[in-house]
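A.B. asks: Could you have a look at this structure, given as C-alpha cells, before my questions?
Chains as they are written, first to last, in the numbering used here: chain A, 1 to 278; chain H, 1001 to 1283.
The following block contains the structure:
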C-alpha cells in the first residue's frame, strides 16, 4: 500500500514528452496549473481535460500510474468537496437535518474537485516523464537568477534530487519496519486517533534513525566521489533547447490562450450559462 | 614508493559524554605500515571492529590520521589542497549499494563523479560508456537503480568509481550485503578490472573465499596488522586464523585436518582442484 505514491517515480519510455527539455515541462506544468484556476466555466475544464488526455496519450505512460498518485489525496479531496458542499450559503437543493446542499455549494465543490484532480494528474505527468536529476537540472537552470540574492540554487536542487531518489527507498523501509513491528504484535489499525498516532512512534523512531544513517553514508559516498558543491562542475546532460521545445512552448501558450478565451472570456460575453450551467 | 603507503598510521575515536568530556579513547588503527604498489590486488581481512574500514577511509582522505602519515600516489592525505586529487586517484566503493547511488538512472549515477571533477560533457559520455562496459552493465544504462539486484547495484557503484579514472580502487566490504550470486558477480568484475585495466585494488572483506585471488593479504585484528603474505601463506596458518576468529575456506580446512591426521599433503590448499591433485599424488 505504501508503494502507491507515484510522486518522484520515473516511468521509462521514449515518447516526445520524455525527450522535452525539463524547463519546458516545468513551465508548462505551472502554466497548466494557472489555467486551471483562471478557468471558471465547464468549457474551460473540457479544454483542460482534453489537453491533459492528449498529453498523457503522447507520453505513453499508462493511465493507471497517474491514478495511483491520486490515492494519496483522496482524503484531502473529500474534505474539500464536503466542506464546499455543505458550508456554502445559497439556494438549498437538498436538506438533510440541519445541513443543506446548496446549488452554489455543489458548483464550487465540483469545480474544486476537478481542479485538484487535474492538478495532481498534471504534475504526475511531469514527474513520471522526467528523471528527478533532469527535473532538478531544470529547476536549477530556471532559478539561476536567484543566485544574485545569494540563494544557494545548486544546493537546493541537489537536495531535492536526493530527496526524490530516497522516497522509494524509505517507503520500502517503512514497509519493512511496519511488518517487523506487526510480527512482534504491534497494532497500527485499531483504536482511536490518539492511540493510532501513538502506535506510529515505534515506526517513526527506527525510520528516522535509519534515514540519518543513510544520509551519513550518502554524504560520505558523495565526498568520496569528489562532490564539492556547484562550482567547477560540468554537466553530463547540459540543457539545450531544441526545435521540439519551441514547438511545445507554442502549444502550451496556445492552450493557455484557448483556455482563457473559452473558459473565462467567452462565457462572459455570450450568455450561454443557461445552456451549460456555469 | 608505492601507490598507497602508510607509515605508523594511528587513528583514535574519542568518545565524549553529553558535556563533551572525554569518556574514553578507542584506537581503531594502531601503527599500521602498508605499502601497495601499482597494479596489485590487495585484500584486507579482519573480524568486525578490527579497524579495516577505518583504515580504508584514510586512503580516500575521508578520515585524517591521528598520528603517522598516509601517502596516495606520493601525496600526503593531510594536505588540504590535494584532497580532491587524492579522491580522484583512489576511488572508493562502500558496503550499502543503496546509500551510494545518487542518480535516478544508472548512466546519470556513473556520470556523477566525472561531473564533479569538471570533465567536459563529451568525455563524460565516453567515460560512462567505457566504465559500464567494463563491469558488464552497459545494457542497463537507462534503468532505474531501484530495480536492479544488489550485485548489479554494486557493479554500478564500481563503474561510478572507474569513470573517474582512478589509479586505485578501495572496496569496503562491497559484498557484505549481497547474496552468493551477487558476491560472485562483484568479485568477477573487480578481478577483471585488476587484470585488464591494471587498476590497483584494495579489497576489504571478511569472506575468505574472496581473497584467494589476491596478490597479498593483510589480516587485521584490533587495529594491528597481525598477518601479512600471499593467500597461500596466510591459509597455511589455520590455527592462527581461528584464534583471530576468522573462518577458513572449507577446502583449506579439510586439507588442514587431513594433514593433521597424518596425510602427507602441502599446506595452504586453496581450491578443490588443488586438493584432489594432492590426494591423487598420494596414491
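Where a beta carbon is used, it is the ideal one built from N, C-alpha and C, also for glycine.
In chain A, which residues lie less than 8 Å from residue 1149 of chain H when you measure between Cβ atoms?
C.D. replies: Going along chain A, no residue has its Cβ under 8 Å from residue 1149 of chain H, so there is no contact; the nearest lies around 14 Å.
A.B. asks: According to the neighbour-count rule (16 or more other Cβ atoms, all chains shown, within 10 Å of its Cβ), is residue 97 of chain A buried or exposed?
C.D. replies: With fewer than 16 other Cβ atoms within 10 Å, it is exposed.
A.B. asks: How should residue 215 of chain A be labelled, buried or exposed, when 16 other C-beta atoms within 10 angstroms of its C-beta is the threshold for buried?
C.D. replies: Result: exposed.
A.B. asks: Can you tell me the Cα-Cα spacing of residue 1117 of chain H and residue 1089 of chain H, whole angstroms?
C.D. replies: Roughly 11 Å separates the two Cα atoms.
A.B. asks: How big is the Cα-Cα spacing for residue 1009 of chain H and residue 1200 of chain H?
C.D. replies: Their backbone Cα atoms lie some 21 Å apart in a straight line.
A.B. asks: Which value, in whole angstroms, describes the spacing of the CA atoms of residue 1212 of chain H and residue 137 of chain A?
C.D. replies: Near 45 Å, if we compare the C-alpha coordinates of residue 137 of chain A and residue 1212 of chain H.
A.B. asks: Per DSSP, what kind of secondary structure is residue 1169 of chain H in: helix, strand or coil?
C.D. replies: Residue state, collapsed to three classes: strand.
A.B. asks: DSSP has residue 1129 of chain H in a bridge; who is on the other side?
C.D. replies: DSSP output for residue 1129 of chain H lists no bridge partner at all.
A.B. asks: I need the DSSP call for residue 1280 of chain H, collapsed to helix, strand or coil.
C.D. replies: Of the three classes helix, strand and coil, the one that applies to residue 1280 of chain H here is helix, per DSSP.
A.B. asks: In whole angstroms, what is the alpha-carbon distance linking residue 221 of chain A and residue 33 of chain A?
C.D. replies: Whole-angstrom Cα-Cα distance: 38 Å.
A.B. asks: Which residues in the same chain have their Cβ closer than 8 Å to the Cβ of residue 1143 of chain H, if we skip the five residues on either side of it in sequence?
C.D. replies: 1105 and 1106, listed in sequence order.
A.B. asks: Going along the chain, which residues of its own chain have a beta-carbon closer than 8 Å to the beta-carbon of residue 1123 of chain H, five neighbours each way excluded?
C.D. replies: Counting only Cβ-Cβ distances below 8 Å, and skipping sequence neighbours, we find 1114.
A.B. asks: State yes or no: is the beta carbon of residue 6 of chain A nearer than 9 Å to at least one beta carbon in chain H?
C.D. replies: Reliability of the predicted coordinates at residue 6 of chain A is poor, the pLDDT of 46 falling under 50, and the value obtained from them is presented with this limitation in mind. No - not a single Cβ of chain H is within 9 Å of the one on residue 6 of chain A.
A.B. asks: Taking the alpha carbon of residue 211 of chain A as the point to measure from, which residue in A/177, A/57, A/267 and A/43 has its own alpha carbon closest?
C.D. replies: Per the Cα distances, A/177.
A.B. asks: With burial defined as no fewer than 16 other Cβ atoms inside 10 Å of the residue's Cβ, what is the status of residue 45 of chain A: buried or exposed?
C.D. replies: Residue 45 of chain A is buried by the Cβ-count criterion.
A.B. asks: Spatial neighbours of residue 1100 of chain H within its chain, please: C-beta separation below 6 Å, excluding the five flanking residues on both sides.
C.D. replies: Excluding positions up to five away in sequence, the list reads 1094 and 1157.
A.B. asks: So with CB distances below 7 Å, who are the chain D contacts of residue 235 of chain A?
C.D. replies: Absent here is chain D; the protein component of the structure consists of chains A and H.
A.B. asks: Could I get the ranges of all uninterrupted beta strand (DSSP E) runs contained in the region 66 to 96 of chain A, with 3 residues as the minimum, in chain order?
C.D. replies: Listed in chain order, the complete beta strand (DSSP E) runs (minimum 3 residues) inside the region 66 to 96 of chain A are 92 to 96.
A.B. asks: Determine the chain A residues that contact residue 1142 of chain H at a beta-carbon separation under 8 Å, and present them in chain order.
C.D. replies: Those within 8 Å of residue 1142 of chain H in chain A are 12.
A.B. asks: Compare the C-alpha of residue 297 of chain A against each of A/70, A/193, A/113 and A/66 and name the closest.
C.D. replies: The question about residue 297 of chain A has no answer, for chain A in this structure spans 1 to 278.
A.B. asks: Let me check understanding here. Comparing Cα to Cα, which of H/1129, H/1174, H/1219 and H/1062 lies closest to residue 1051 of chain H?
C.D. replies: Minimum Cα distance to residue 1051 of chain H is reached at H/1219.
A.B. asks: Rounded C-beta distance between residue 1160 of chain H and residue 1112 of chain H? I'm assuming under 8 Å.
C.D. replies: About 6 Å separates the two Cβ atoms, so the contact holds.
A.B. asks: Return the CA-CA distance between residue 1132 of chain H and residue 1152 of chain H, expressed in angstroms with no decimal places.
C.D. replies: When rounded, the distance between both Cα atoms is 11 Å.
A.B. asks: Is the Cβ of residue 1088 of chain H closer than 9 Å to any Cβ of chain A?
C.D. replies: Yes, its Cβ sits closer than 9 Å to a Cβ of chain A.
A.B. asks: So, at 6 Å on beta carbons, what are the nonlocal neighbours of residue 1141 of chain H in its own chain, with the 5 sequence-adjacent residues on each side left out?
C.D. replies: Hits under 6 Å: 1106, 1107 and 1132.
A.B. asks: Counting only the same chain and skipping the five closest in sequence on each side, list residues whose C-beta sits under 7 Å from that of residue 3 of chain A.
C.D. replies: Annotation note: pLDDT 48 at residue 3 of chain A (below 50); position unreliable, coordinate value reported separately. Within the same chain, residue 3 of chain A has close Cβ partners 171.
A.B. asks: Name the DSSP beta bridge partners of residue 1045 of chain H, please?
C.D. replies: DSSP output for residue 1045 of chain H lists H/1205 and H/1219 as bridge partner(s).
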